[in-house]
Amino acid sequence: TDATIPTNSTNVQTYVDAILASYAELTVIVTDFVAMLAVQGGLKANNYSGAMVNFAGYIPGILETSEDLQKGLEGSFIGTAVPTPLDESPLSQQMNADFEATGTAPTFGAIVGWLSVDLYLQLLEHAGGDPDKAVEAGNDGGFTFEQIQGGFTTPFPAGHDSAAGCAGMVTV
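477 is the number of the first residue of the sequence shown in my numbering; add one for each residue after it.
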């Protein structure tokens, strides 16, 4: 079943019914957070037993804010756009240590910022320490952003117009 679900939609029963009628063993929900929760909630309320995958549900710290959110996302697989602090990889261990040392919560924005600093420091090193040439150095064709195990590698400038291998998967 393929459908376009309007963003911020909570009136999703038509979509839920179509998925249930298809007897799908896997449902991939690609929409915004609000509509994704509504679809997953509707499927769960109707005893859907297939796997559910979404790309909007990983927001660090959000599960602790609501028992209903926990129940709505429980059992789902969530594709993430960034490495997470949730596994035991060297990258996650370093990320967690850095956030703990600064007293900062690993929110989505903080993780993106942490990754951006890592990228900038590598660009700066590639530019010979000259901050005025850091961005330019990333476009010279000889730079690859490499993170420690658990992260990702992105060549530049190819990374400007191709997908980066930066996605991860978490289970709730």
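Cβ coordinates follow ideal geometry from the N, Cα and C atoms, glycine included. Computed from a predicted structure; not experimentally measured.
| Check | Outcome |
| --- | --- |
| Whether residue 575 touches residue 566 by CB criterion (8 angstroms) | no |
| Bridge partner(s) assigned by DSSP for residue 551 | Answer is none; residue 551 lacks a bridge partner. |
| Best match in 623, 534, 549 for proximity to residue 595 [C-alpha to C-alpha] | 623 |
| Ordered list of alpha helix (DSSP H) runs contained in the segment 540 to 594, each at least 4 residues | 543 to 549, 566 to 578 |
| Neighbour-count burial assignment, residue 502, 16 or more Cβ in a 10 Å radius | exposed |
| Three-way DSSP call (helix, strand, coil) for residue 527 in this model | strand |
| Alpha carbon of residue 543 to alpha carbon of residue 490, nearest angstrom | 26 angstroms |
| Of the residues 486, 573, 479, the one placed nearest residue 505, counting alpha carbons only | 479 |
| 8 angstroms Cβ cutoff met for residue 516 and residue 528 | yes |
| Helix, strand or coil at residue 495 [DSSP, three-state] | helix |
| Rounded straight-line distance, which links the Cα of residue 608 to that of residue 511 | 44 angstroms |
| Residue(s) in a DSSP beta bridge with residue 502 | 527 |
| Paired residues, beta bridge with residue 490 - DSSP | Bridge partners of residue 490: none, in fact. |
| Close beta carbons around residue 572, own chain, < 6 angstroms, minus the five adjacent residues each side | 561 |
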